[in-house]
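J.: Below you will find the structure I want to go over with you.
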Ligand SMILES: [Ca+2]
Ligand SMILES: [Ca+2]
Ligand SMILES: [Ca+2]
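In the numbering used here, the protein residues as written are 674 to 970.
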């Protein structure tokens with residue numbers, strides 16, 4: 674297996690993980706600028722190297738998942754209302770030279786950690802999130818925000834470069850071309866899997882979910898990419914695993930997470946993520962193959 678070395682990547686690794694009972698019962702805060710085995714538990718093909726989390730490698734048909742080691746509460750113990758949350762992470766999807774690149778990754782809440790127990794997940798277009806038989810089942814209790822780079826008509830994918838909101842299903846309830854709204858409300862399209870490093874912000878409060886992304890280092894755009902009214906109270910169980918999952922198939926790419934913050938109370942915690950001096954994964958030139966380019970030939 675190929676290993677990419679990031680010798681120049683000296684991450685300041687620190688963790689703020691506090692459980693407190695002030696405003697909300699069992700509210701959670703954590704912030705990881707780089708990962709080690711105490712910050713996340715890896716499943717399937719996920720690996721940690723020099724503080725970087727790689728969910729998948731180059732073997733094909735892989736599933737990698739990395740979750741906070743313990744479940745966290747997602748509902749107020751007294752009121753049973755879904756706790757507001759604000760999470761942000763920095764990721765890169767890195768193609769392998771000469772290989773078709775796919776399939777994508779999901780930020781998820783799941784009732785179980787294991788890939789092949791409980792709500793089972795499959796590779797390829799299933800993104801390590803669900804599989805063909807459980808897809809769409811309301812008893813799944815899985816919620817995700819997907820970053821999908823291959824168009825699957827069976828899931829009504831809008832294109833091969835989109836961000837979607839997934840409730841118990843890989844058919845998103847809402848999705849958008851990947852990108853952000855810059856100053857003057859001009860849409861800037863972003864190529865999810867060109868190796869570039871992006872920051873994502875996902876906020877949920879008062880029944881509204883906002884998903885925003887931008888190239889790392891760009892200030893958080895005020896207008897979100899996705900803005901959806903959604904009641905998660907029937908979707909989330911009282912305690913859930915939270916983290917990331919990704920898969921490859923015939924098409925393969927590395928799905929990397931560099932940093933991650935999460936809070937139920939402090940919607941500015943993501944400002945503690947280090948966005949400068951991160952390694953670059955962009956390939957010199959354009960040596961990887963995009964399927965759409967191949968099909969045009
Ligand atoms: Ca897809
Ligand atoms: Ca999709
Ligand atoms: Ca692409």
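We treat Cβ as the ideally placed atom computed from N, Cα and C, and that holds for glycine.
Keeping to the same chain, check which residues put their C-beta closer than 8 Å to that of residue 748; ignore five residues upstream and five downstream.
T.: Excluding sequence neighbours, residue 748 sits near 754, 755, 756, 906, 909 and 911.
J.: Mind checking residue 957: buried by the 16 CB within 10 Å criterion, or exposed?
T.: Exposed, since its Cβ has fewer than 16 Cβ neighbours within 10 Å.
J.: With DSSP as the reference, identify every bridge partner of residue 827, one or two as the case may be.
T.: Beta-bridge pairing links residue 827 to no other residue.
J.: Would you say the beta carbon of residue 830 is closer than 8 Å to some non-hydrogen atom of ligand 2?
T.: Correct: residue 830 has its Cβ closer than 8 Å to ligand 2.
J.: Examine ligand 2 and report whether any of its heavy atoms sits within less than 8 Å of the Cβ of residue 864.
T.: Answer for residue 864: no, Cβ out of range of ligand 2.
J.: From this set, 952, 933 and 844, which residue's C-alpha is nearest residue 702's C-alpha?
T.: The shortest Cα separation from residue 702 among 952, 933 and 844 belongs to 933.
J.: Does at least one heavy atom of ligand 1 sit under 8 Å from the Cβ of residue 798?
T.: It does: the Cβ of residue 798 is within 8 Å (strictly closer) of some heavy atom of ligand 1.
J.: Please give me, in chain order, every unbroken run of the beta strand (DSSP E) with length at least 3 that falls completely inside the stretch 776-837.
T.: Here the runs fully enclosed are 777-783 and 816-821.
J.: For ligand 3, I want to know if residue 795 counts as a neighbour, meaning its beta carbon is within less than 8 Å of at least one of the ligand's heavy atoms.
T.: No.
J.: Taking C-beta to C-beta, are residue 913 and residue 898 nearer than 9 Å?
T.: No, the pair does not count as a contact, with Cβ atoms beyond the cut-off.
J.: Three-state secondary structure (DSSP) at residue 922?
T.: If DSSP states are grouped into helix, strand and coil, residue 922 belongs with coil.
J.: To the nearest angstrom, report how far apart residue 751 and residue 835 are at their CA atoms.
T.: One C-alpha to the other measures close to 38 Å.
J.: Compute the distance between the beta-carbons of residue 699 and residue 746, then report whether it is under 9 Å.
T.: Yes. Within cutoff.
J.: Along the chain, which unbroken stretches of the beta strand (DSSP E) at least 3 residues long are found entirely within the stretch 740-775?
T.: Those beta strand (DSSP E) runs which fall completely within the stretch 740-775 and span 3+ residues are 758-768.
J.: Based on DSSP bridge pairs, tell me the residues matched to residue 888.
T.: DSSP lists 871 as partners of residue 888.
J.: Beta carbon of residue 866, beta carbon of residue 734: below 9 Å?
T.: For residue 866 and residue 734, no; Cβs fall outside 9 Å.
J.: Let me know if residue 857 comes out buried or exposed under the rule of 16 or more other beta-carbons within 10 Å of its beta-carbon.
T.: Under this definition residue 857 is an exposed residue.
J.: Examine ligand 4 and report whether any of its heavy atoms sits within less than 8 Å of the Cβ of residue 774.
T.: This structure lacks ligand 4; the ligands present are ligand 1, ligand 2 and ligand 3.
J.: Nearest to residue 802 by alpha carbon, out of 876, 710, 822 and 777?
T.: Among 876, 710, 822 and 777, the Cα nearest to that of residue 802 belongs to 777.
J.: Buried or exposed, going by whether 16 or more other CB atoms sit within 10 Å of the CB of residue 896?
T.: So residue 896 counts as exposed.
J.: Measure the CB-CB distance between residue 737 and residue 918 and report whether it falls below 9 Å.
T.: Going by C-beta atoms, residue 737 is nearer than 9 Å to residue 918.
J.: At which residues does the beta strand (DSSP E) containing residue 706 begin and terminate?
T.: 700-706 is the span of the beta strand (DSSP E), which, as asked, contains residue 706.
J.: Cα separation between residue 868 and residue 829?
T.: Looking at the two C-alpha atoms, the distance is approximately 25 Å.
J.: Measuring straight from C-alpha to C-alpha, what distance separates residue 954 and residue 929?
T.: Near 10 Å, if we compare the C-alpha coordinates of residue 929 and residue 954.
J.: Just list the residues that DSSP pairs residue 736 with in beta bridges.
T.: Paired residues: 920.
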